[in-house]
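Asker: For the sequence shown, UniProt numbering gives the first residue as 1, with consecutive numbering after it.
Even glycine gets a Cβ: it sits at the ideal position worked out from N, Cα and C.
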Amino acid sequence: MTENIYDIAVIGGDGIGPEVVEAEIAVLEATGLAWNFSSYEAGDDCLASRGQALPQATLDGALAAQAVIFGAAGVSAADVILRLRAELGTFVNLRPSVAYKGVNCLHPQTDMMIVRENTECLYAGIEAQLTPEVVTATRVITSQASTRIVNYALEWARQAGGKKVTAVHKANVLRKTDGHFLQCCRAAARQFPDVPYEEALVDSVAMRMAMRPEEFQVIVTTNLFGDILSDLAAGLIGGLGMCPSANLGQAHALFEPVHGTAPDIAGQGKANPSAAILCGAMLLRHLGQEQWAARVEKAVADCVADGQATSDLGGKLRTMEMARAVIDRL
Numbered sequence: 001m002t003e004n005i006y007d008i009a010v011i012g013g014d015g016i017g018p019e020v021v022e023a024e025i026a027v028l029e030a031t032g033l034a035w036n037f038s039s040y041e042a043g044d045d046c047l048a049s050r051g052q053a054l055p056q057a058t059l060d061g062a063l064a065a066q067a068v069i070f071g072a073a074g075v076s077a078a079d080v081i082l083r084l085r086a087e088l089g090t091f092v093n094l095r096p097s098v099a100y101k102g103v104n105c106l107h108p109q110t111d112m113m114i115v116r117e118n119t120e121c122l123y124a125g126i127e128a129q130l131t132p133e134v135v136t137a138t139r140v141i142t143s144q145a146s147t148r149i150v151n152y153a154l155e156w157a158r159q160a161g162g163k164k165v166t167a168v169h170k171a172n173v174l175r176k177t178d179g180h181f182l183q184c185c186r187a188a189a190r191q192f193p194d195v196p197y198e199e200a201l202v203d204s205v206a207m208r209m210a211m212r213p214e215e216f217q218v219i220v221t222t223n224l225f226g227d228i229l230s231d232l233a234a235g236l237i238g239g240l241g242m243c244p245s246a247n248l249g250q251a252h253a254l255f256e257p258v259h260g261t262a263p264d265i266a267g268q269g270k271a272n273p274s275a276a277i278l279c280g281a282m283l284l285r286h287l288g289q290e291q292w293a294a295r296v297e298k299a300v301a302d303c304v305a306d307g308q309a310t311s312d313l314g315g316k317l318r319t320m321e322m323a324r325a326v327i328d329r330l
C-alpha cells in the first residue's frame, strides 16, 4: 500500500513568521507522516526585493498544493493574505479560542470556536469617495455565502457532539444586510434540528464574552464581526500567542497563526510557536489525521502546563526548544 504524501506550500513571510513556521514543520515531521514541503516568498521583504508582495510563483504554488501553511506578513498583509484567501476560495475562517492551564488568562473556562465568513461583508473592498468630505463602504451579504457559512458551522457543531451554535448579528439596525443573514441562518438551522441554535446581537455578545464566555460554544457570524470577536476571544485566553486559525474552501486550505510579525523580537529565537504548532494540528485534522491532531494539541497543552514554554508564557525556552519539547511529548 502506497503511503500518502502530503504536498504542502510553506510561506514564512515576515518577522517571526519564518521562525514559528520552522517550529510547526519540525512538529509535523515528527509525526512520521510523509510530507513534501515547498517554500515560497511573500510579504514585505519580498515586495522590497521583487516588487511584489505576492509573486505569481507563490500563488501558483499555493494553488497546486494540498494546503498552505503561512507565518505572518507585515505592512503588505492585505496584499498577501487577503489575496491568498480570495484566490484559494477559502470561505470559512475557523478561529478556536481555548484557555490553557499554565497561561495567565482572564477566563480559564473559555473554549469556543468562532466560524467567520471569509469572503464578503465590509471586507468586500467596495469603497468610494463621493466628495472630498464623504467616503462610503458597501456591505455585501449574499444568500450563497451566508447559507454556506452557517451550514458549515452547524455541521461542525454536530460533529463536535452537538455544541450550541450562536448566530451573531446586528439586524436591529442593519435590517437589510443582517436581516438577510439571519434569514439564511434560520433556514439552515431548520435542517439541523439536533443542533442547539440561538441568535444574539453582536454588542450583547461582546459584553457576555467579556463576562461569561462559557455561554458560547460555536459562534457563526459575518466577516467584520467575526474578525473583532475572535480577537476579543483571544484576549480572554491570554493573547494571540495561543490562537491558530484555518481558512477553508472547497478545494484549498490555508493555516495561519493569528498573531502578527512581532518585528521587535524577530530573529532572536524568542517567538512563541504555540499558535503555529496548533495550526499544524488543524492541518492534520483537515487531512484526516485526527489522532495526530489530538496528540499535537495535547503535547502543546502539556508543555504549557509544565512551564516548558517561551518567556511570554512564563517559561524560559527558545522557539525551537519549545518545538522540541512538544515533539518529546508526542
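Using a threshold of 7 angstroms, state whether the C-beta atoms of GLN66 and TYR6 are closer than that.
Answerer: On the sequence shown, residue 66 is found 66 positions in, with the first residue counted as 1. On the sequence shown, residue 6 is found 6 positions in, with the first residue counted as 1. Yes, the pair counts as a contact, with Cβ atoms nearer than the cut-off.
Asker: Whose C-beta lies closer than 6 angstroms to the C-beta of ILE141 among residues of the same chain, with five residues either side of it excluded?
Answerer: Taking the first residue of the sequence shown as position 1, residue 141 is located at position 141. These residues qualify, in order along the chain: THR177, HIS180 and PHE181.
Asker: Under DSSP, the beta strand (DSSP E) around HIS169 begins and ends at which residues?
Answerer: For the purposes of this step, residue 169 is taken as residue 169 along the sequence shown, with counting starting at 1. Where HIS169 is concerned, the enclosing beta strand (DSSP E) stretches over 165 to 169.
Asker: Kindly indicate which residue of ALA246, GLN217 and ASN247 has the alpha-carbon position closest to the one of ALA233.
Answerer: As a first step, residue 233 must be located in the sequence shown, where it is residue number 233. Minimum Cα distance to ALA233 is reached at GLN217.
Asker: Is the separation between the beta-carbon of VAL20 and that of GLY74 shorter than 7 angstroms?
Answerer: Your numbering for residue 20 matches position 20 in the sequence shown. Your numbering for residue 74 matches position 74 in the sequence shown. Not a contact, by the Cβ cut-off of 7 angstroms.
Asker: For the ligand COA, I want to know if LEU84 counts as a neighbour, meaning its beta carbon is within less than 6 angstroms of at least one of the ligand's heavy atoms.
Answerer: For the ligand COA, the structure offers nothing, since it holds no ligand at all.
Asker: In this structure, does DSSP put TYR152 in helix, strand or coil?
Answerer: Start at 1 with the first residue of the sequence shown, and residue 152 comes out as number 152. DSSP places TYR152 in helix when its eight states are reduced to three.
Asker: How big is the Cα-Cα spacing for VAL304 and ASN272?
Answerer: In the sequence shown, residue 304 corresponds to position 304, counting from 1. In the sequence shown, residue 272 corresponds to position 272, counting from 1. Cα to Cα, VAL304 sits roughly 11 angstroms from ASN272.
Asker: Is CYS121 near ASN223, with beta carbons less than 7 angstroms apart?
Answerer: Against the sequence shown, residue 121 aligns to sequence position 121. Against the sequence shown, residue 223 aligns to sequence position 223. Taking 7 angstroms as the Cβ cut-off, CYS121 and ASN223 qualify as a contacting pair.
Asker: What does the Cβ neighbour count give for ASP44, buried or exposed, with the cut at 16 atoms within 10 Å?
Answerer: Working through the sequence shown from its first residue, we reach residue 44 at position 44. It is buried - the Cβ of ASP44 has at least 16 other Cβ atoms within 10 Å.
Asker: In this structure, does DSSP put ARG217 in helix, strand or coil?
Answerer: For the purposes of this step, residue 217 is taken as residue 217 along the sequence shown, with counting starting at 1. The residue asked about is misnamed: residue 217 is Gln in this sequence, not Arg. Residue state, collapsed to three classes: coil.
Asker: Given that a residue counts as buried once 16 or more other Cβ atoms are within 10 Å of its Cβ, and exposed if not, what is MET113?
Answerer: As a first step, residue 113 is located in the sequence shown; it is residue number 113 there, counting from the start. Result: buried.
Asker: Indicate the three-state DSSP secondary structure (helix, strand or coil) for SER38 in the structure shown.
Answerer: Counted from its first residue, the sequence shown places residue 38 at position 38. In this structure, SER38 counts as strand in the three-state DSSP scheme.
Asker: Could you tell me which residues DSSP puts in a beta bridge with GLU117?
Answerer: As a working note, residue 117 is residue 117 in the sequence shown. In DSSP, GLU117 forms a bridge with VAL92.
Asker: Could you tell me the boundaries of the alpha helix (DSSP H) in which ILE228 lies?
Answerer: Your numbering for residue 228 matches position 228 in the sequence shown. 223 to 236 is the extent of the alpha helix (DSSP H) around ILE228.
Asker: Enumerate in chain order the residues of its own chain whose CB-to-CB distance from SER311 is below 7 angstroms, with the five nearest sequence positions on each side excluded.
Answerer: As a working mapping, residue 311 is identified with position 311 in the sequence shown. The residues are LYS270.
Asker: Taking the alpha-carbon positions, what's the THR2 to GLU215 distance?
Answerer: Looking up residue 2 in the sequence shown gives position 2. Looking up residue 215 in the sequence shown gives position 215. Because THR2 sits at a pLDDT of 49, beneath the cut-off of 50, its placement in the model cannot be relied upon, and the following sentence gives the value as read from the coordinates. Their Cα atoms are separated by approximately 46 angstroms.
Asker: Can you check whether the CB of ARG95 is closer than 7 angstroms to the CB of SER230?
Answerer: Here residue 230 is taken as the residue at index 230 of the sequence shown, counted from 1. Here residue 95 is taken as the residue at index 95 of the sequence shown, counted from 1. Between SER230 and ARG95, the CB-CB gap stays under 7 angstroms.
Asker: Count the other C-beta atoms from every protein chain shown that fall within 10 angstroms of the C-beta of VAL173, then say buried if there are 16 or more, exposed otherwise.
Answerer: Your numbering for residue 173 matches position 173 in the sequence shown. That one is exposed.
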